[in-house]
Amino acid sequence: MNRKELLLNEINRIPEPLIDEALDFIRFLKSKIKNKKQKDTAILSVTSLKKDWLKSEENKAWENL
């Protein structure tokens with residue numbers, strides 16, 4: 111039995127009062143993954159764009175704003 115099957119087996123045997131809590135926890139875990147991906151994308155963007163931000167042309171373009 112693989113891990114997903116084990117998890118489904120546990121879910122099928124969970125007491126009714128714990129179902130909402132288990133569902134909340136699963137959604138929390140999924141949101142952690144989504145947030146990490148967004149953070150990783152932001153870090154990559156900064157790394158890529160900072161070379162342009164450090165140019166003197168950029169400073170001049172933003173001087174009068």
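Numbered by my numbering, the letters in the sequence shown go through residues 111 to 175 in order.
Glycine included, every Cβ here is placed at the ideal spot set by N, Cα and C.
Remember, predicted model here, so these are calculated numbers, not experimental data.
Spatial distance of residue i from residue j (CA atoms)
{"i": "K165", "j": "A171", "result": "10 Å"}
{"i": "K114", "j": "E120", "result": "10 Å"}
{"i": "D130", "j": "S141", "result": "16 Å"}
{"i": "Q148", "j": "E126", "result": "34 Å"}
{"i": "A132", "j": "K144", "result": "19 Å"}
{"i": "L116", "j": "R123", "result": "11 Å"}
Limits of the alpha helix (DSSP H) - the one that residue i falls within
{"i": "K144", "result": "I129 to W163"}
{"i": "E126", "result": "From DSSP, E126 is part of no alpha helix (DSSP H); its letter is neither H nor E."}
{"i": "E173", "result": "E173 -> no alpha helix (DSSP H), and no H or E assigned at all."}
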